[in-house]
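Chemist:
Residue numbers (my numbering), protein chains in the order written: chain X, 1 to 375; chain Z, 1001 to 1375; chain C, 2001 to 2288; chain F, 3001 to 3288.
Here's what the structure looks like:
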């Protein structure tokens, strides 16, 4: 799960990291009070999950009180890369003597955590990585999952952290690394991490992605998602154990297993259709999951036909059938549904469906072709 | 450092471990108020650092209010194995359905931590270890310093913990183990750990020894020592970086290094003397240490002669000489002192001493013989 | 033959008394798997479908001689269950559980490097050596004996592939789902090597998907193999995944897409099918 | 010859700018030790007695080719200093610092088992290969070249023994103090084996003390040695140490006393002296 900048900073602040004071606002009217509290100059930053906010006019420095509300209104009126700006982070501006890039990421290839540091902080870090790779320093955690002060000390010298700030920088980098590990993050990115004119280190922008699988033990982070979800439908789906991504097509897909779900979408495309979504009901199904999946697909007005493709393993076909029959009773299913069932408890499921006069295909291709044919 | 039972229990209680309510008292007059607070019946336990308190009458259960003060007075009047009882732990009595032995110790041979468990709890555990060793279960921490729930689960079954208490027992054992590690202990012994009639686990007696070397990061434990030292002289010595153990002889010894200190004592004995103490001034001496060492030895009225045996390595002979000369000025040195100096900065030291008309031997045997000769 | 499991495999089920554990216990017995015991802490002493339940893996292994463990324990407790099997040197551990946090798997991966056990999964369907032993959640009736070895990162897509191959008369030696999580105990290369050395396997099917670079690495190994490999990659038409900040781009540098996988595999001589039916045709060609 | 260090040893000093580090830097240079660099975090770029100071061990090793590290860092930071040298694969690490908590040493001991470096100490005086290199805090003038190898758990008692042997004309190959802490990197047996294989060492002196069972274990090894070993055990008359509860008795079962050590060593053919003068006599007998 991706946190908003303001949520990331709240988390960083709670963990004692150096951030400028600030608060989030949902309307321009709330902003002056916040500015009174933290003092001018301030930065107003659009809270949307896309890059390039600055270039789109979503980040502005305001130096006088009279400009606060008009600027806030301007930003809240923006739509950046298709996303309307609904919230604004108001934060005290800080002067910047030098900018660094700091990140920690779960490194899939190394099966470890990698800290990434660069003296060339700012928006063009990916460019730097390509064109000047030696300006990017990487420290990968060892067999004990640790990164050591002496490793960061070398990096600090190499990336040009002023010598008198080395100890402060090492302490901060290791504290951020510990937070990454302790909070089950998969990405923690500070860009830029700045040195102010007074010689303090401040985290100016922050991006956090969490490990969804660990949220059962990270209630404090889960709260962020509830409070301000990136995509409400996807979050709701997740609560029921469904993995859902909305797309632009018109064939609604309900599949068990991510691989089969992707193969189903590939096949829908192959036969000329366009999937309306990715939806994996996951393993170990229960009837409620299936009902919620139907509800979710039906709520998408673009959907013209619904394709249910189940190959039971740990998911039992009878659970799926029971869920579908439940949905049949409670929901208004106003679009054609094509079902394919194979695998665990397939026979029981077929019997249940036959009683409702519903037939189900045995082979995936048959059901996909029928669903795609609906125009 | 060895904690008193009442201190051990305070530490256990603070860490959420199940102990009976209670408090320590330094006089019989304080006891009734404590009993009012925690309720009858109570156990009154002498707080002395020796085994066999029970047999000596130092542990008594009191069931009625009128017996409280007389019993407390009786215990406070005891001297157990030479130690006068100065404090009393007043604790609520608990009924005992079953007794277990539980310990964690730093295991020098294995260079690891070992948990020791037995269904045969109580005073005779060492007897059990000898005669019925299979009744003693040992779990040694693995290469990661961990002990696992599944290991304790097997032990719980083997030692006869009632099945319905297995989960509670495992949780408690692992919490005690974590506390042992987190608090830098070298011994944590609960004997007995009891199951009450109501089926609760309670820690009835507790012994804790801490790692002196880790006290710089365990301030909360260091406080215990300050508040109620086992041996005030030894504690004071430790504060100056001296390692001191009082003995019964009359040759006061000041030596650098534990090995040389022991060899010096062996030699004193060999030539017919009796060392008054073990005193290692440690490495990296400073002049203050030497002065404090002199003060400590002089305060022992049994001391007839003082032997200073220094072989400088990291300890520099000139520092020792300066400290001795300082003591000469500030203390009343009323007994003969014999000095042996060799090693680092020996020449400088000799010069310094010569100016004070003090001579020092070069070889250990010479100084030892002189010190022993004083009667 | 086949790989990893056969008629001598003695299976213990961790989480045997749970909904999934007990259900698949019955399915495995039905298939002919030699399930010798189960573990559910606190429930030792019971029996379920005639199989004894123990409190700990150590007890179970000592009593039954189990040499393979399958884990049906809920995600918060699954890392502990894996550790328990590794601690007791169970040679083969199969973890069905999905949803284990990455942090736990980093640590378990380290333990695997230090010890002698093999982990399959987590978040995998397990494996079957056709006609001999099934240690997993795959529906048993879809497999037929034959010369094809299947390795897959997916669960249900594996069933789809196996089922279609069976229908087409292309039976299997061993079918193994290695799991789709970022950190898994057994990778494509490990299994490719086993199939390369298995005399009964004539053709290998490798089912991959977008994400990670395991397929690209497998392609390097395929170049050295004597047996034909046919691949399938799902997610060709999937929308691009969510970006992992700049750090993700710095670390991965653009690999892991369907295109990069297909390119690597075809360059290694392994044709990549886009539909299961196409895969079946390619496999049949190589059997004959 | 001698063991562990010689004229090719390139020494780096961790904590070179501290009181003890800078003092013993000068003493080591005086002895002829090839000190090539030092490390004090935050003080890189300076030079002290002509020796360059670096911020990290990695920098120092890369610049100077140092192959031996000696640590003078205060106890709270000493475990980190050891880790840094181990992390950078410095082959020989000598830790002078005393007072390191047991918990840290348990972890460092584990790292030593995993890696290829050797640690001597902590809480040790270091070592000297007479006339060639001194890496430690021993006073250099007390040693004379000769055929005796000395291993000791003690610091100053080692000087006593070496000094008396030198006076008596029994010079040394290498003198090493392994440290008196409960967990040390290099044990009696490790060093006995090195002396056994060192052609220049004719007689080995082993200085032990009460506590632990390293002397008892060493006795087992001594049985297999071709060279004579003479031992000294201090603490024969020391009062019994503080009891470590019942647990201590259960774990140790009565070994570790002077009596048990003397008995084990004499049974292994190593005479045990009670006074240094007696030790000197026994060594002289075995040289001649």
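Note that beta-carbon positions come from the ideal geometry of N, C-alpha and C, so glycine has one too.
In this text the structure is predicted, and so the values were computed from the model without any measurement.
According to DSSP, is residue 79 of chain X part of a helix, a strand, or is it coil?
Modeler: Here residue 79 of chain X refers to the residue found at position 79 of the first chain. Strand, per DSSP.
Chemist: Considering only their Cβ atoms, is the gap separating residue 3007 of chain F from residue 3117 of chain F smaller than 8 Å?
Modeler: The residue labelled residue 3117 of chain F in the question sits at position 117 within the fourth chain. The residue labelled residue 3007 of chain F in the question sits at position 7 within the fourth chain. Going by C-beta atoms, residue 3117 of chain F is not nearer than 8 Å to residue 3007 of chain F.
Chemist: From this set, X/201, X/276, X/176, which residue's C-alpha is nearest residue 207 of chain X's C-alpha?
Modeler: Looking up residue 207 of chain X in the first chain gives position 207. It is X/176 whose Cα lies nearest to the Cα of residue 207 of chain X.
Chemist: For a contact defined as C-beta to C-beta under 9 Å, what are the partners of residue 2087 of chain C on chain Z?
Modeler: To locate residue 2087 of chain C, count along the third chain from 1; it is residue 87. What residue 2087 of chain C touches in chain Z: 1142, 1148, 1150, 1151.
Chemist: I want to verify the contact list: residues of chain X whose CB lies under 8 Å from the CB of residue 2102 of chain C, in sequence order.
Modeler: Taking the third chain and counting its residues from 1, the one referred to as residue 2102 of chain C is at position 102. Correct list: 106, 184, 186, 211, 213, 214.
Chemist: If you compare alpha carbons, which of C/2011, C/2107, C/2027, C/2032 is closest to residue 1953 of chain C?
Modeler: Limits of chain C in this structure are 2001 at one end and 2288 at the other, which puts residue 1953 of chain C out of reach.
Chemist: Measuring CA to CA, which of X/300, X/174, X/268 is closest to residue 234 of chain X?
Modeler: The residue you call residue 234 of chain X lines up with position 234 of the first chain. Ranking X/300, X/174, X/268 by Cα distance to residue 234 of chain X puts X/300 first.
Chemist: Between the alpha carbons of residue 1310 of chain Z and residue 3032 of chain F, how many angstroms are there, rounded?
Modeler: Here residue 1310 of chain Z corresponds to residue number 310 of the second chain, with the count starting at 1. Here residue 3032 of chain F corresponds to residue number 32 of the fourth chain, with the count starting at 1. Answer to the nearest angstrom: the Cα atoms are 25 Å apart.
Chemist: Is it the case that the stretch 2124-2144 of chain C contacts the stretch 2027-2044 of chain C, given that we only count it when at least three CB pairs across the two stretches are under 8 Å?
Modeler: Touching, yes.
Chemist: State yes or no: is the beta carbon of residue 2159 of chain C nearer than 8 Å to at least one beta carbon in chain X?
Modeler: If you number the third chain from 1, residue 2159 of chain C lands on position 159. So yes, residue 2159 of chain C belongs to the interface.
Chemist: How many Å lie between residue 3200 of chain F and residue 151 of chain X at the Cα?
Modeler: The sequence position of residue 3200 of chain F within the fourth chain is 200, counting from 1. The sequence position of residue 151 of chain X within the first chain is 151, counting from 1. Taking the straight line joining both Cα atoms gives about 42 Å.
Chemist: Tell whether a beta-carbon distance below 8 Å holds between residue 1252 of chain Z and residue 1303 of chain Z.
Modeler: Residue mapping note: residue 1252 of chain Z aligns to position 252 of the second chain, counting from 1. Residue mapping note: residue 1303 of chain Z aligns to position 303 of the second chain, counting from 1. Contact flag set, yes.
Chemist: Any C-beta of chain X sitting closer than 8 Å to the C-beta of residue 2116 of chain C?
Modeler: Here residue 2116 of chain C refers to the residue found at position 116 of the third chain. Not one chain X Cβ lies under 8 Å of residue 2116 of chain C.
Chemist: Going by C-alpha to C-alpha distance, which of C/2237, C/2026, C/2157 sits closest to residue 2047 of chain C?
Modeler: Against the third chain, residue 2047 of chain C aligns to sequence position 47. The option with the nearest alpha carbon to residue 2047 of chain C is C/2026.
Chemist: Out of Z/1017, Z/1359, Z/1321, state which residue places its alpha-carbon closest to the alpha-carbon of residue 1349 of chain Z.
Modeler: Residue 1349 of chain Z sits at position 349 when you count from the first residue of the second chain. Considering only alpha carbons, the answer is Z/1321.
Chemist: DSSP three-state call for residue 17 of chain X: helix, strand or coil?
Modeler: Working through the first chain from its first residue, we reach residue 17 of chain X at position 17. Residue 17 of chain X falls in the coil class under three-state DSSP.
Chemist: Around the Cβ of residue 2041 of chain C, are there at least 16 other Cβ atoms within 10 angstroms (buried) or fewer (exposed)?
Modeler: Taking the third chain and counting its residues from 1, the one referred to as residue 2041 of chain C is at position 41. Looking at its Cβ environment, which holds 16 or more other Cβ atoms inside 10 Å, residue 2041 of chain C is buried.
Chemist: So which residues of chain X does residue 2076 of chain C contact, with C-beta pairs closer than 9 Å?
Modeler: For the purposes of this step, residue 2076 of chain C is identified with residue 76 of the third chain, where counting begins at 1. Neighbours of residue 2076 of chain C on chain X, chain order: 216, 217.
Chemist: Name the two residues that bound the continuous beta strand (DSSP E) containing residue 342 of chain X.
Modeler: Reading the first chain from its first residue, position 342 is the one you call residue 342 of chain X. That run of the beta strand (DSSP E) goes 337-343.
Chemist: So with CB distances below 8 Å, who are the chain Z contacts of residue 2017 of chain C?
Modeler: As a working mapping, residue 2017 of chain C is identified with position 17 in the third chain. Residues of chain Z passing the Cβ test: none, with the nearest at roughly 15 Å.
Chemist: For the stretch 1268-1334 of chain Z, list the beta strand (DSSP E) runs that are entirely contained and at least 3 residues long, ordered along the chain.
Modeler: Within the stretch 1268-1334 of chain Z, the complete beta strand (DSSP E) runs of at least 3 residues are 1277-1280, 1305-1312.
Chemist: In angstroms with no decimal places, state the Cα-to-Cα distance between residue 327 of chain X and residue 290 of chain X.
Modeler: Mapped onto the first chain, residue 327 of chain X falls at position 327. Mapped onto the first chain, residue 290 of chain X falls at position 290. Residue 327 of chain X and residue 290 of chain X: Cα-Cα distance of roughly 8 Å.
Chemist: In angstroms, rounded to a whole number, what distance separates the CA positions of residue 3175 of chain F and residue 1220 of chain Z?
Modeler: By 1-based counting over the fourth chain, the position of residue 3175 of chain F is 175. By 1-based counting over the second chain, the position of residue 1220 of chain Z is 220. Each residue's alpha carbon lies about 41 Å from the other.
Chemist: At which residues does the beta strand (DSSP E) containing residue 199 of chain X begin and terminate?
Modeler: In the first chain, residue 199 of chain X corresponds to position 199, counting from 1. No beta strand (DSSP E) holds residue 199 of chain X; DSSP gives it neither H nor E.
Chemist: What residues match up with residue 2155 of chain C in a beta bridge as DSSP calls it?
Modeler: Looking up residue 2155 of chain C in the third chain gives position 155. The partner list for residue 2155 of chain C (beta bridge, DSSP) is empty, contrary to what the question assumes.
Chemist: For residue 3236 of chain F, return the contacting residues in chain Z, with the cut-off set at a CB-CB distance below 7 Å.
Modeler: Counted from its first residue, the fourth chain places residue 3236 of chain F at position 236. Within 7 Å Cβ-Cβ: 1266.
Chemist: Applying a beta-carbon distance threshold of less than 8 Å, which residues of chain F neighbour residue 1159 of chain Z?
Modeler: The residue labelled residue 1159 of chain Z in the question sits at position 159 within the second chain. Ordered by position in chain F, no residue passes the 8 Å Cβ test against residue 1159 of chain Z, which lies about 14 Å from the chain.
Chemist: Assuming residue 2207 of chain C and residue 2237 of chain C make a contact with CB atoms under 8 Å, what is their CB distance in whole Å?
Modeler: As a first step, residue 2207 of chain C must be located in the third chain, where it is residue number 207. As a first step, residue 2237 of chain C must be located in the third chain, where it is residue number 237. Their Cβ separation, rounded to whole angstroms, is 16 Å, which puts residue 2207 of chain C and residue 2237 of chain C out of contact at 8 Å.
Chemist: Quick check: the stretch 40-49 of chain X against the stretch 124-134 of chain X, are there 3 or more CB pairs under 8 Å?
Modeler: With the cut-off at 8 Å, the stretch 40-49 of chain X and the stretch 124-134 of chain X do not touch.
Chemist: If I follow the unbroken beta strand (DSSP E) through residue 3034 of chain F, where does it start and stop?
Modeler: For the purposes of this step, residue 3034 of chain F is identified with residue 34 of the fourth chain, where counting begins at 1. Element bounds for residue 3034 of chain F: 3034-3039.
Chemist: What residues are listed by DSSP as bridge partners for residue 3232 of chain F?
Modeler: Position 232 of the fourth chain holds residue 3232 of chain F. In DSSP, residue 3232 of chain F forms a bridge with F/3207, F/3273.
Chemist: Taking C-alpha atoms, which residue in X/296, X/344, X/330 lies nearest to residue 403 of chain X?
Modeler: With chain X running from 1 to 375 in the structure shown, residue 403 of chain X is simply not present.
Chemist: From which residue to which residue does the alpha helix (DSSP H) around residue 232 of chain X run?
Modeler: As a working note, residue 232 of chain X is residue 232 in the first chain. Taken as a continuous stretch (DSSP letters only), the alpha helix (DSSP H) holding residue 232 of chain X covers 232-239.
Chemist: What separation, rounded to the nearest whole angstrom, lies between the Cα atoms of residue 1308 of chain Z and residue 1314 of chain Z?
Modeler: Start at 1 with the first residue of the second chain, and residue 1308 of chain Z comes out as number 308. Start at 1 with the first residue of the second chain, and residue 1314 of chain Z comes out as number 314. So the two alpha carbons sit approximately 17 Å from each other.
Chemist: Would you say residue 277 of chain X reaches chain C, if we count a Cβ-Cβ gap shorter than 8 Å as a contact?
Modeler: Position 277 of the first chain, counted from the start, is the residue given in the question as residue 277 of chain X. Chain C, which has no Cβ nearer than 8 Å to the Cβ of residue 277 of chain X, makes this no.
Chemist: Flag this pair as touching only if the stretch 1176-1185 of chain Z and the stretch 1104-1119 of chain Z have three or more C-beta atom pairs under 8 Å; answer yes or no.
Modeler: Enough Cβ pairs lie closer than 8 Å, so yes.
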